[in-house]
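Down below is the structure, laid out as structure tokens.
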Amino acid sequence: MSNEKQKTRKRSGDPQQWKKNMRKRNKDEGKEYISPTGKKFPAKVMRSSCSNSCWLKCSENFSREMRDQIFLDYWSAGDAVRQRDFIRRNVINRSSTKHPSSKQSQRQRKVYTFPLPNSRKPVCRTFFLNTLGIGAKLVRYTVEKNEGDFISADQRGKHTPYNKTAVAEANLIRDHIKSFFSCRVSLLPQGEQQEVPPC
Ligand SMILES: [Zn+2]
Numbered sequence: 008m009s010n011e012k013q014k015t016r017k018r019s020g021d022p023q024q025w026k027k028n029m030r031k032r033n034k035d036e037g038k039e040y041i042s043p044t045g046k047k048f049p050a051k052v053m054r055s056s057c058s059n060s061c062w063l064k065c066s067e068n069f070s071r072e073m074r075d076q077i078f079l080d081y082w083s084a085g086d087a088v089r090q091r092d093f094i095r096r097n098v099i100n101r102s103s104t105k106h107p108s109s110k111q112s113q114r115q116r117k118v119y120t121f122p123l124p125n126s127r128k129p130v131c132r133t134f135f136l137n138t139l140g141i142g143a144k145l146v147r148y149t150v151e152k153n154e155g156d157f158i159s160a161d162q163r164g165k166h167t168p169y170n171k172t173a174v175a176e177a178n179l180i181r182d183h184i185k186s187f188f189s190c191r192v193s194l195l196p197q198g199e200q201q202e203v204p205p206c
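Mind the numbering: the sequence shown is residues 8 to 206 in the numbering used here, read in order.
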């Protein structure tokens, strides 16, 4: 029994890495996950619609089924880059404001939209955030930053120089092997494999 257990553990690879991948996958798919510090994050759920008196008539333009589909599409992507891309495509940052210092105008700077089959319609902030089950902070960060900022942030503290060197070296070796191999192949019909010139 203990032998079997040991074998299984060996086959599963690095448990830390496995846990990390699992955590990331659950997080990106909006499922419940536990952070490395032990904090439990509940699964993402769609929250209530905006009020019936909303001037953009969000719930008239987007039925409950359409909301379900948007929520599902967003989370089933299971990929933070694609999710940020969705947010960027559907939240427009309005740059000009009459009163840039007031809180109200800061809120109005963003125009939230959801896609329809052949167009898209503006929705209010509450409807946008609640339908996706996300927070305002995520939208703010995503709209204000470029994808490159996220990539460099993700790679921080992950020994990038080491990885870069390793990848560059691996590519060099691969290219070298490839060139060597193609020389040998091209000379095969003549049967002069031993006299392959350096490529
Ligand atoms: Zn609304």
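Glycine included, every Cβ here is placed at the ideal spot set by N, Cα and C. Remember, it's a predicted structure, so these values are computed and weren't measured experimentally.
Check: If you count every other CB in all the chains shown that lies within 10 Å of the CB of Arg74, and 16 or more means buried, which is it?
Finding: As a working mapping, residue 74 is identified with position 67 in the sequence shown. Classification of Arg74: buried, given that the 10 Å Cβ count is 16 or more.
Notebook entry, point to check: Relative to ligand 1, is the shortest distance from any of its heavy atoms to the C-beta of Leu63 smaller than 6 Å?
Noted result: Here the question's residue 63 lines up with position 56 in the sequence shown. Relative to ligand 1, the nearest heavy atom lies less than 6 Å away from the CB of Leu63.
Next item on the list: Report yes if the C-beta distance between Ile4 and Val52 is below 7 Å; otherwise report no.
Entry: Nothing can be reported for residue 4, as the shown portion of the chain is limited to 8 through 206.
Note to self: Let's test the definition: count the other Cβ atoms within 10 Å of the Cβ of Val130 and tell me whether it reaches 16, buried, or not, exposed.
What the structure shows: As a position in the sequence shown, residue 130 is number 123, starting the count at 1. Val130 is buried by the Cβ-count criterion.
Next item on the list: Run the CB neighbour count on Gln90, radius 10 Å, all protein chains shown included, and call it buried at 16 or more, exposed below.
Entry: The sequence position of residue 90 within the sequence shown is 83, counting from 1. Classification for Gln90: buried.
Next item on the list: Report yes if the C-beta of Phe69 is less than 6 Å from at least one heavy atom of ligand 1; otherwise report no.
Entry: For the purposes of this step, residue 69 is taken as the residue at position 62 of the sequence shown. For ligand 1, not one heavy atom lies less than 6 Å from the Cβ of Phe69.
Item checked: Residue nearest to Lys64 in terms of C-alpha spacing, selected from Thr120, Ala50, Arg96 -> Residue mapping note: residue 64 aligns to position 57 of the sequence shown, counting from 1. The option with the nearest alpha carbon to Lys64 is Thr120.
Check: What span of residues does the beta strand (DSSP E) with Ile99 cover, start to end?
Finding: As a first step, residue 99 is located in the sequence shown; it is residue number 92 there, counting from the start. Per DSSP, the continuous beta strand (DSSP E) segment holding Ile99 begins and ends at 98-100.
Check: Since Thr120 is in the beta strand (DSSP E), which residue starts that stretch and which ends it?
Finding: Here residue 120 corresponds to residue number 113 of the sequence shown, with the count starting at 1. Element bounds for Thr120: 117-122.
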